[in-house]
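Report on the following structure.
Protein chains: 2
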Amino acid sequence: MMKIAVAKGDGIGPEIMDAVLTIFKANNVNLEYEVVEMGKWVFDKGHSNGMTPEAQQTIENLGILFKGPMETPKGKGVKSVNVTARKTWNTYANKRVFQTLHGDTVFSKAGILIDITIVRENIEDTYGGIEHMLTHDVALSRRFITRPGSMQVIKYAFEMARKKNAKRITCGHKSNIMKITDGLFVECFYEIAKDYPELKADDVIVDDLCMKLVTRPDLFDVVVLTNLQGDIVSDLCAGLVGGLGFAPSANIGDHICIFEAVHGTAPDIAGKNIANPTALLLSGLTMLRHLGFMENAATIENALLYTLEQGIHTGDFGDKTKKSVNTTEFADAVIANFGKMPKQGAKPTWPNKPVTPTVFKLEKNPLIVSKEMEEETIVGVDMFIESIEQPTEIAEKCLKHTLGIFKLVTISNRGTQVWPKGSVFTNLVNQYFCRFESIGDAPLSQTDIIELYKRLSADFKINSTELLNMWGDKKAYSLAQGQ
Amino acid sequence: MMKIAVAKGDGIGPEIMDAVLTIFKANNVNLEYEVVEMGKWVFDKGHSNGMTPEAQQTIENLGILFKGPMETPKGKGVKSVNVTARKTWNTYANKRVFQTLHGDTVFSKAGILIDITIVRENIEDTYGGIEHMLTHDVALSRRFITRPGSMQVIKYAFEMARKKNAKRITCGHKSNIMKITDGLFVECFYEIAKDYPELKADDVIVDDLCMKLVTRPDLFDVVVLTNLQGDIVSDLCAGLVGGLGFAPSANIGDHICIFEAVHGTAPDIAGKNIANPTALLLSGLTMLRHLGFMENAATIENALLYTLEQGIHTGDFGDKTKKSVNTTEFADAVIANFGKMPKQGAKPTWPNKPVTPTVFKLEKNPLIVSKEMEEETIVGVDMFIESIEQPTEIAEKCLKHTLGIFKLVTISNRGTQVWPKGSVFTNLVNQYFCRFESIGDAPLSQTDIIELYKRLSADFKINSTELLNMWGDKKAYSLAQGQ
Numbered sequence: 001m002m003k004i005a006v007a008k009g010d011g012i013g014p015e016i017m018d019a020v021l022t023i024f025k026a027n028n029v030n031l032e033y034e035v036v037e038m039g040k041w042v043f044d045k046g047h048s049n050g051m052t053p054e055a056q057q058t059i060e061n062l063g064i065l066f067k068g069p070m071e072t073p074k075g076k077g078v079k080s081v082n083v084t085a086r087k088t089w090n091t092y093a094n095k096r097v098f099q100t101l102h103g104d105t106v107f108s109k110a111g112i113l114i115d116i117t118i119v120r121e122n123i124e125d126t127y128g129g130i131e132h133m134l135t136h137d138v139a140l141s142r143r144f145i146t147r148p149g150s151m152q153v154i155k156y157a158f159e160m161a162r163k164k165n166a167k168r169i170t171c172g173h174k175s176n177i178m179k180i181t182d183g184l185f186v187e188c189f190y191e192i193a194k195d196y197p198e199l200k201a202d203d204v205i206v207d208d209l210c211m212k213l214v215t216r217p218d219l220f221d222v223v224v225l226t227n228l229q230g231d232i233v234s235d236l237c238a239g240l241v242g243g244l245g246f247a248p249s250a251n252i253g254d255h256i257c258i259f260e261a262v263h264g265t266a267p268d269i270a271g272k273n274i275a276n277p278t279a280l281l282l283s284g285l286t287m288l289r290h291l292g293f294m295e296n297a298a299t300i301e302n303a304l305l306y307t308l309e310q311g312i313h314t315g316d317f318g319d320k321t322k323k324s325v326n327t328t329e330f331a332d333a334v335i336a337n338f339g340k341m342p343k344q345g346a347k348p349t350w351p352n353k354p355v356t357p358t359v360f361k362l363e364k365n366p367l368i369v370s371k372e373m374e375e376e377t378i379v380g381v382d383m384f385i386e387s388i389e390q391p392t393e394i395a396e397k398c399l400k401h402t403l404g405i406f407k408l409v410t411i412s413n414r415g416t417q418v419w420p421k422g423s424v425f426t427n428l429v430n431q432y433f434c435r436f437e438s439i440g441d442a443p444l445s446q447t448d449i450i451e452l453y454k455r456l457s458a459d460f461k462i463n464s465t466e467l468l469n470m471w472g473d474k475k476a477y478s479l480a481q482g483q
Numbered sequence: 484m485m486k487i488a489v490a491k492g493d494g495i496g497p498e499i500m501d502a503v504l505t506i507f508k509a510n511n512v513n514l515e516y517e518v519v520e521m522g523k524w525v526f527d528k529g530h531s532n533g534m535t536p537e538a539q540q541t542i543e544n545l546g547i548l549f550k551g552p553m554e555t556p557k558g559k560g561v562k563s564v565n566v567t568a569r570k571t572w573n574t575y576a577n578k579r580v581f582q583t584l585h586g587d588t589v590f591s592k593a594g595i596l597i598d599i600t601i602v603r604e605n606i607e608d609t610y611g612g613i614e615h616m617l618t619h620d621v622a623l624s625r626r627f628i629t630r631p632g633s634m635q636v637i638k639y640a641f642e643m644a645r646k647k648n649a650k651r652i653t654c655g656h657k658s659n660i661m662k663i664t665d666g667l668f669v670e671c672f673y674e675i676a677k678d679y680p681e682l683k684a685d686d687v688i689v690d691d692l693c694m695k696l697v698t699r700p701d702l703f704d705v706v707v708l709t710n711l712q713g714d715i716v717s718d719l720c721a722g723l724v725g726g727l728g729f730a731p732s733a734n735i736g737d738h739i740c741i742f743e744a745v746h747g748t749a750p751d752i753a754g755k756n757i758a759n760p761t762a763l764l765l766s767g768l769t770m771l772r773h774l775g776f777m778e779n780a781a782t783i784e785n786a787l788l789y790t791l792e793q794g795i796h797t798g799d800f801g802d803k804t805k806k807s808v809n810t811t812e813f814a815d816a817v818i819a820n821f822g823k824m825p826k827q828g829a830k831p832t833w834p835n836k837p838v839t840p841t842v843f844k845l846e847k848n849p850l851i852v853s854k855e856m857e858e859e860t861i862v863g864v865d866m867f868i869e870s871i872e873q874p875t876e877i878a879e880k881c882l883k884h885t886l887g888i889f890k891l892v893t894i895s896n897r898g899t900q901v902w903p904k905g906s907v908f909t910n911l912v913n914q915y916f917c918r919f920e921s922i923g924d925a926p927l928s929q930t931d932i933i934e935l936y937k938r939l940s941a942d943f944k945i946n947s948t949e950l951l952n953m954w955g956d957k958k959a960y961s962l963a964q965g966q
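Chains A and B, in that order, give the protein sequences. Numbering follows the working numbering, in which position 462 of the first sequence is assigned residue number 462; successive positions increment by one, without gaps. Take any residue in the second sequence, note its place counting from 1, add 483, and you have its number in the working numbering.
Put into structure tokens, the structure is as follows:
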């Protein structure tokens with residue numbers, strides 16, 4: 001029998017986890033559970049990452065973690081145990097399924113049925129948290145998007161879409177503004193799409209996507225996005241179906257996967273047996289399908305949908321004129337409805353698939369790199385300098401230091417060119433960006449760059465530098481506005 | 484009489500602009516209009532920024548531009564004329580008002596009335612477009628948030644909120660992840676809030692905001708955000724009220740302001756006199772209020788709301804069982820309803836305010852800087868290097884070059900620490916971040932940094948560097964995950 005790790009969580013965690021495992025047991029789900037120690041009380045015992053070393057070892061051995069909501073102690077400078085888990089185990093894809101579950105939402109009332117799956121990249125973007133103050137006035141956050149990281153999550157999204165017989169897969173992005181970073185993500189999307197000709201693959205600008213999601217959410221099926229945009233769109237979709245209490249979450253990695261409820265721990269109602277187990281149950285169903293228990297998942301999901309259609313509800317939602325049930329009663333109602341089919345369309349009962357355990361021991365960190373194809377040349381450097389002078393004064397100083405091998409190409413302030421041409425209306429902050437390129441794109445060495453740095457540092461404080469690369473004959477950097 | 488510049492735009496632009504100006508004239512709005520040449524046909528005449536030099540001069544002299552939708556020619560490598568206008572004239576605040584206008588939306592049907600004003604920062608964030616490929620696999624976008632830029636837009640939002648007697652002003656952000664950049668924005672928000680004690684000021688994480696906007700949009704009044712988040716939230720809100728055809732837009736600067744419809748030019752229906760002038764009319768009303776024509780604005784807006792409540796509609800929206808009207812008939816209906824009050828609550832008719840022209844000649848670019856308070860010290864440098872080696876091998880090489888003045892503090896990959904501690908499950912891309920700090924936070928010179936750079940460059944290709952600053956005894960940079 002397959003064994004998974006279970007962390008019950010804080011607050012209402014234990015009671016909703018018990019309800020879900022009761023439902024699994026009643027449906028003869030062929031799983032064994034090893035309960036591990038994670039959560040607020042583990043921080044309180046002195047483990048600064050919110051889990052005991054034994055818990056970590058068990059999870060790494062078993063490869064699957066099913067977890068209730070957890071709290072991170074405030075003001076102790078410790079990181080969220082939820083985020084630590086996702087990062088530590090490199091769960092690169094966050095999958096969330098949003099479907100109409102009950103009639104108590106704005107969209108149910110308007111008769112619009114929702115069934116959207118969001119796949120969000122879970123590691124990159126500004127979530128690396130690499131931030132600096134360049135001057136007293138100017139803060140910088142580095143947003144990284146990588147080709148192998150994008151390929152991992154997009155590949156997962158297409159595989160999942162194929163398995164669920166999706167009709168459409170959409171890439172949400174902002175590549176009209178972030179042409180290189182989000183451009184890379186979209187490029188990876190269409191590269192992978194070629195291997196899935198049966199799926200309709202398209203892309204949409206993220207702001208337009210959000211407008212469409214609140215007018216015609218029924219037009220979407222699977223949507224894949226980078227981290228921050230995916231975060232925002234996920235929660236928007238949770239709102240469409242009634243909030244986090246109806247939104248499951250799965251974090252998928254190559255070695256370890258985490259299935260969890262992402263709502264809060266609701267300490268005010270903890271221990272009262274009145275919490276709503278729906279989100280955790282849905283997360284559990286995502287896990288069952290991930291593990292190949294397709295029949296169990298469909299039976300339980302259809303029973304859940306049928307139960308909700310009957311108007312059976314916990315105290316947090318539904319028709320207030322109808323008496324609410326408690327957590328145990330809700331679970332019992334789902335169990336009693338095994339075999340029933342919801343009116344809104346039953347979930348198909350695919351046969352069980354063989355379980356493929358992905359866990360193996362790692363000797364060292366896996367390296368994910370693409371094959372390099374073009375030759376790489378350094379052709380310049382961007383210098384980010386601190387100054388309160390006017391653009392022409394800065395240009396004059398820069399031009400003294402070009403060493404006969406560089407040319408000063410552009411100076412911009414907050415991304416708007418202010419030299420050689422610009423507008424007098426552009427407001428200046430005390431941080432400029434000066435671009436030096438080699439004359440005729442001649443190849444440069446790091447020594448050339450360092451020499452320029454040294455010369456310029458006599459006149460300016462240089463906060464930051466960035467090499468300008470060419471791959472083959474293609475410039476690997478954006479042009480300045482107006483360049 | 485005050486004069487403003489008018490650019491009618493492409494496609495349906497001229498006919499909807501004529502409709503709006505007809506309404507203004509019928510209400511005796513005391514304005515004169517100078518029509519300027521901007522748009523697709525101006526690109527076609529060879530002006531690469533989409534406007535003639537005479538148009539630019541007129542707009543800079545008059546200070547106010549009222550514009551229809553414009554098209555940017557595709558595939559010619561030219562920038563959007565809309566974005567160029569906003570950037571050239573430093574319109575740092577984008578204001579958009581979203582209100583329930585007709586019964587044909589999901590939220591109208593659910594009986595939820597919406598009246599939200601979004602103020603979006605319009606210059607900074609990743610919109611500077613400063614992007615680089617660091618390796619073949621790793622793309623970087625720089626996200627800048629500045630103190631003076633944040634102060635400008637937030638100050639505007641509070642002033643506007645005060646003028647409209649707002650009940651609440653909310654800052655949307657992601658400072659739980661982008662602690663320094665969005666942290667700075669939130670800090671500015673609460674700093675300015677102190678001067679407006681009559682306004683309820685609060686903040687909300689942007690993903691939570693989006694969830695709430697699709698469940699309880701009526702809870703919000705004025706919301707201020709950084710550029711990308713504001714872009715996404717604006718379009719979400721446009722969706723709530725029926726799309727871009729019902730969403731006005733104003734771009735506010737210290738010297739020049741632009742009022743425009745942000746929907747498309749709809750070339751397929753251009754010249755047929757059937758387009759919907761509502762968004763442009765609403766943008767015009769925002770302009771009238773900005774200029775102090777409070778009575779005109781209220782009369783016209785109440786007439787518009789009344790007209791829409793009567794079910795009068797152009798072909799793009801409304802009750803399909805009721806015959807639609809054309810553009811001219813729609814404008815005439817609004818004019819015929821001057822003096823009528825909408826059932827959903829009439830807009831208050833404040834007395835006109837004296838118009839304060841803000842236009843003056845600029846001799847040089849305005850500098851916006853804060854007063855520096857603490858002493859500034861360089862205490863280290865982050866080196867972003869290219870490598871496919873394991874973390875311990877990289878550390879070994881770095882440690883050879885510390886020159887007795889630096890210590891190697893952390894190595895991370897995509898923001899996750901991999902040295903001195905880390906998890907074997909962390910997947911590595913070919914780009915590392917190595918942090919060097921001075922021993923005991925001793926002050927460093929740029930020469931020290933350059934010397935380290937030179938030494939390291941013998942072993943690595945260094946894509947990027949970033950100084951580590953302290954202001955007083957406060958570190959002006961984020962710690963690495965796990966540091």
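Virtual Cβ for every residue (Gly too), placed ideally from N, Cα, C.
Beta-carbon within less than 6 Å of residue i's beta-carbon, same chain only, minus the 5 sequence neighbours each way: which residues are those?
i: Pro267/A; result: Gly11
i: Lys461/A; result: Glu386
i: Thr505/B; result: Ala814
Note the first and the last residue of the continuous beta strand (DSSP E) segment covering residue i.
i: Gln152/A; result: Unbroken run through Gln152/A is the alpha helix (DSSP H), 147 to 163; no beta strand (DSSP E).
i: Tyr33/A; result: 31 to 35
i: Ser947/B; result: 944 to 954
i: Glu121/A; result: 115 to 121
Give the range of the alpha helix (DSSP H) segment to which residue i is assigned.
i: Val561/B; result: Val561/B -> no alpha helix (DSSP H), and no H or E assigned at all.
i: Gln229/A; result: 227 to 240
i: Ser766/B; result: 761 to 774
i: Leu939/B; result: 929 to 939
For residue i, would you say it is in contact with chain B, using Cβ-to-Cβ distances shorter than 9 Å as the test?
i: Leu399/A; result: no
i: Val153/A; result: no
i: Ala336/A; result: no
i: Leu228/A; result: yes
Using C-beta distances below 8 Å, list every residue in its chain close to residue i, excluding the 5 sequence neighbours before and after it, in chain order.
i: Pro354/A; result: Gly292
i: Thr465/A; result: Val381, Asp382, Met383, Phe384, Ile449, Tyr453
Who are residue i's beta bridge partners in DSSP?
i: Asn969/B; result: Given a span of 484 to 966 for chain B in the structure shown, any question on residue 969/B remains unanswerable.
i: Pro248/A; result: Ala261/A
i: Gly103/A; result: Per DSSP, none; premise fails for Gly103/A.
Looking only at its own chain, which residues have a Cβ that is under 7 Å from the Cβ of residue i, when we skip the five neighbours before and after it?
i: Leu280/A; result: Ile16, Met17, Val20, Gly68, Ala261
So, is the C-beta of residue i closer than 9 Å to a C-beta in chain A?
i: Ala509/B; result: no
i: Asp598/B; result: no
i: Met694/B; result: yes
i: Val716/B; result: yes
i: Asn577/B; result: no
Please list the partners that residue i has in chain D, where partner means a Cβ-to-Cβ separation under 8 Å.
i: Trp89/A; result: No chain D appears in this structure, whose protein chains are A and B.
Worksheet item: Within the chosen definition, does the region 821 to 837 of chain B reach the region 781 to 796 of chain B through at least 3 CB pairs nearer than 8 Å?
Response: Taking a cut-off of 8 Å on C-beta distances, the region 821 to 837 of chain B touches the region 781 to 796 of chain B, as three or more cross pairs fall below it.
Item to complete: Could you tell me whether the region 634 to 648 of chain B touches the region 740 to 750 of chain B, where touching means 3 or more Cβ pairs closer than 8 Å?
Response: no
Item to complete: Tell me, please, whether the region 591 to 608 of chain B touches the region 119 to 137 of chain A by the rule of three or more beta-carbon pairs shorter than 8 Å.
Response: no
Worksheet item: Quick one: any contact between the region 708 to 727 of chain B and the region 588 to 596 of chain B, if contact means 3 or more CB pairs under 8 Å?
Response: The answer is yes - the region 588 to 596 of chain B touches the region 708 to 727 of chain B, with three or more Cβ pairs under 8 Å.
Worksheet item: Is the number of C-beta pairs between the region 849 to 864 of chain B and the region 629 to 636 of chain B that are closer than 8 Å three or more?
Response: They touch, by the three-pair rule.
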